[in-house]
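Asker:
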Amino acid sequence: MTRSKSRQKSKRKPEGAGPPAGKSHLLVIEHPPGAEDLARQELTTLGKGRLRLLDTSEPAETGFVYSGTPNDLRHLRLSSALYQVFPFDIPRPKALLGHEHWQRLLGEIDALRRRQPPDTFQTFRIAAAGRFSSVFQRIKETLAADTGLQYDEDEADLQLRLRPARLVQSGWELLLRLTPRPLTSRSWRVYNYPGALNGVVAAAMIELSRPWGRERVLNLMCGSGTLLIERSLRGPAGLLAGLDLSAEALAGAQQNVSAAPLRQPVQLLQADACRTPFSAGSFHTILIDPPWGNLVGEANEPEALYPALWRESDRLAAPGGQMLVITHQIKLWEQVAAQGEGWQFLASRQLFQGGLHPCIYHYRKPENS
Numbered sequence: 565m566t567r568s569k570s571r572q573k574s575k576r577k578p579e580g581a582g583p584p585a586g587k588s589h590l591l592v593i594e595h596p597p598g599a600e601d602l603a604r605q606e607l608t609t610l611g612k613g614r615l616r617l618l619d620t621s622e623p624a625e626t627g628f629v630y631s632g633t634p635n636d637l638r639h640l641r642l643s644s645a646l647y648q649v650f651p652f653d654i655p656r657p658k659a660l661l662g663h664e665h666w667q668r669l670l671g672e673i674d675a676l677r678r679r680q681p682p683d684t685f686q687t688f689r690i691a692a693a694g695r696f697s698s699v700f701q702r703i704k705e706t707l708a709a710d711t712g713l714q715y716d717e718d719e720a721d722l723q724l725r726l727r728p729a730r731l732v733q734s735g736w737e738l739l740l741r742l743t744p745r746p747l748t749s750r751s752w753r754v755y756n757y758p759g760a761l762n763g764v765v766a767a768a769m770i771e772l773s774r775p776w777g778r779e780r781v782l783n784l785m786c787g788s789g790t791l792l793i794e795r796s797l798r799g800p801a802g803l804l805a806g807l808d809l810s811a812e813a814l815a816g817a818q819q820n821v822s823a824a825p826l827r828q829p830v831q832l833l834q835a836d837a838c839r840t841p842f843s844a845g846s847f848h849t850i851l852i853d854p855p856w857g858n859l860v861g862e863a864n865e866p867e868a869l870y871p872a873l874w875r876e877s878d879r880l881a882a883p884g885g886q887m888l889v890i891t892h893q894i895k896l897w898e899q900v901a902a903q904g905e906g907w908q909f910l911a912s913r914q915l916f917q918g919g920l921h922p923c924i925y926h927y928r929k930p931e932n933s
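The sequence shown begins at 565 in the working numbering and counts up by one.
What follows is the structure, encoded as structure tokens:
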């Protein structure tokens, strides 16, 4: 009888209610709109049950509560930045300069700096609505004086964001980026090739290809190797090959490949992407990142290049193979695809990264072709 009453008094905790067990941290990841589902899936997988997603209606960021160590998440491939969120019960930014709040802010910055090697953080930047006002000017000057950091409006090591409460009920939120560079900055990128694909966007494209262990992958017009490196870091493959007509691009790709912690070799070849030396049906996956805008050269070149890439990739793909293309020349590519033969359209998605809005197209080659 007593046990029955005990069971009646106990209340089942609603699914997803409350923070995970252990010390919890309020965090935010930024990601390109259009790839939010991929970023959240990676986050959930890496979190291993130690996190709870909060409101996911914002396409450019995701807030979550995490009971692990935030530094465990600094290797996210599909997120642009990782921030820790500190709620402040203040009515307006000026109140942040009050002694109690200011000392707390300095303490959090100091804790972040102590987790990194000395002199990792030398500059800072504040992102906020009205950041050029007299109030924020005073905040910048006081922060510079108290931390010894210099303010840099363009590229700063320590990034702070201040905004009205979004993840908590009231007040303001201070967001501190947990890494001195955004997660888009790949450590292996020792050679910056003009027009090189953003690392996060490349990782999203690889994720959409659903990599598997024995696939033979070819990257046409591989440039400085971003797609190949992201594919290798994602997992093993039967073959990873890239070709480009530019000797400069291939030299840069070799530098980046050598700097990346790859588990298997990447083959690089100087050749015309529209007339490759490979036999028909040699590859399971073909990745294409054609140049665009001023990097293409003559204005009419894409009109000849894109149809040729379509035909050559169709020749190279094995039955059941796939092609993924990322391009900013959306109208032109869709015209080519409408007139092309061989490939079956599967899906497309547009990503938004700063002022760039490329689209990834995914095709499958019929099994009986």
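Ideal Cβ placement from N, Cα and C applies to all residues, glycine included.
Keeping to the same chain, check which residues put their C-beta closer than 6 Å to that of T706; ignore five residues upstream and five downstream.
Answerer: none
Asker: In three-state terms, what does DSSP make of P841?
Answerer: coil
Asker: Reducing DSSP to helix, strand and coil, say where W736 ends up.
Answerer: Residue state, collapsed to three classes: strand.
Asker: Expressed to the nearest angstrom, what Euclidean distance is found between the alpha-carbon atoms of G763 and I793?
Answerer: 9 Å
Asker: Mind the definition here: the region 753 to 769 touches the region 653 to 673 only if three or more C-beta pairs lie below 8 Å; say whether that holds.
Answerer: Because the criterion of three Cβ pairs below 8 Å is not met, the region 753 to 769 and the region 653 to 673 do not touch.
Asker: Determine the DSSP secondary structure at T609, reduced to helix, strand or coil.
Answerer: helix
Asker: Does the beta-carbon of F626 have 16 or more other beta-carbons within 10 angstroms, so that it is buried, or is it exposed?
Answerer: Residue identity differs from the one stated: residue 626 is Thr in this sequence, not Phe. By the 10 Å Cβ count, T626 comes out buried.
Asker: Helix, strand or coil: how does DSSP classify C923 here?
Answerer: strand
Asker: Compare the Cα-Cα distances from R656 to each of A882, V821, G694 and report the closest residue.
Answerer: Relative to R656, the option among A882, V821, G694 whose CA is nearest is G694.
Asker: Where does A823 sit, in a helix, a strand or coil, going by DSSP?
Answerer: helix
Asker: Out of curiosity, what's the CA-to-CA distance linking R795 and G789?
Answerer: The alpha-carbon atoms of R795 and G789 are separated by roughly 10 Å.
Asker: Determine the closest residue to A709 out of L642, Q686, G799, with distance taken between C-alpha atoms.
Answerer: Q686
Asker: Note the first and the last residue of the continuous beta strand (DSSP E) segment covering G961.
Answerer: In the structure as shown, the chain begins at 565 and stops at 933. Residue 961 is therefore absent and cannot be evaluated.
Asker: Could you pull out every unbroken alpha helix (DSSP H) segment of at least 4 residues lying fully inside the region 702 to 788, listed in chain order?
Answerer: Restricting attention to alpha helix (DSSP H) runs no shorter than 4 residues, the region 702 to 788 encloses them at 763 to 772, ordered along the chain.
Asker: Go ahead and pull the three-state DSSP assignment for A911.
Answerer: strand
Asker: Would you kindly check if the distance between the Cβ of K929 and the Cβ of D878 is under 8 Å?
Answerer: yes
Asker: Out of Y870, E876, D718, point me to the one whose CA is closest to T849's CA.
Answerer: E876
Asker: Reducing DSSP to helix, strand and coil, say where A805 ends up.
Answerer: strand
Asker: Which residues share a DSSP beta bridge with A901?
Answerer: Looking at the DSSP assignment, A901 forms no beta bridge with any residue, so it has no partner.
Asker: Is the separation between the beta-carbon of S588 and that of V629 shorter than 8 Å?
Answerer: yes
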